[in-house]
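Report on the structure given below.
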Amino acid sequence: MFQLSSSITLGPSAQYISLPPAGSRPAGDIMCHITGWGNLASGRPSPNKRWDVLLYSEANCQAAHGSSITSTMLCAGVPEGGKGACSGDYGGPLVYGAVQVDTASWGIKPCTIKGYPDVYTNIGSVMDLITSC
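Numbering-wise (our numbering), the sequence shown opens with residue 207 and increments by one.
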């Protein structure tokens, strides 16, 4: 358990977010958004801090990355490439509605390559670990 040293003032740039139920796995083929301060594929800092991305179905995630994908992982990106997490974004949230369903984990370098969505940790699959700390 941790405690903040001061309170957070909620507003347009600071809001609470919910976490998913333990054991849950979001359905694929839904639009989500990611946020981050990372670099673009060119290596330049991203002027955009939010991207809308497709959460891939489990089958499409496996097709893209093969046996590297485990039951605790999900994929998201855009089919045409060019948008997604990059260096500096890993550890950041993937959000559906008002629920953080995933955390950016890894991707193929250079980032946002067509046919290789980024890989995320499915938070629902590790909620028991999170709540036991």
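We treat Cβ as the ideally placed atom computed from N, Cα and C, and that holds for glycine.
8 Å Cβ cutoff met for residue i and residue j
i       : j       : result
Ile-336 : Thr-309 : no
Arg-256 : Ser-331 : no
Ser-263 : Gly-234 : yes
Cβ-Cβ separation, residue j to residue i (assumed contact under 8 Å), whole Å
i       : j       : result
Gly-313 : Ala-291 : 6 Å
Asp-324 : Cys-281 : 7 Å
Gln-306 : Ile-240 : No, Gln-306 and Ile-240 are not in contact; Cβ-Cβ is about 10 Å, not under 8 Å.
Pro-299 : Leu-260 : Contact doesn't hold; Cβ gap of about 16 Å is too wide.
Residue i burial status per 10 Å Cβ neighbour count (16 or more: buried)
i       : result
Leu-210 : exposed
Met-237 : exposed
Ala-269 : exposed
Thr-215 : exposed
Gly-229 : exposed
Closest Cα partner of residue i within the set the options
i       : options                               : result
Gly-288 : Thr-276, Ala-304, Leu-260 and Cys-317 : Cys-317
Ser-274 : Asp-258, Tyr-326, Pro-285 and Ile-319 : Tyr-326
Met-333 : Ser-219, Pro-218, Gly-217 and Pro-227 : Pro-227
Pairwise C-alpha distance: residue j and residue i
i       : j       : result
Gly-297 : Gly-272 : 22 Å
Gly-294 : Ser-311 : 11 Å
Trp-243 : Tyr-302 : 19 Å
Cys-339 : Leu-225 : 15 Å
Gln-221 : Ser-212 : 15 Å
Met-279 : Ser-219 : 28 Å
Ala-265 : Ala-304 : 25 Å
Asp-258 : Gly-217 : 22 Å
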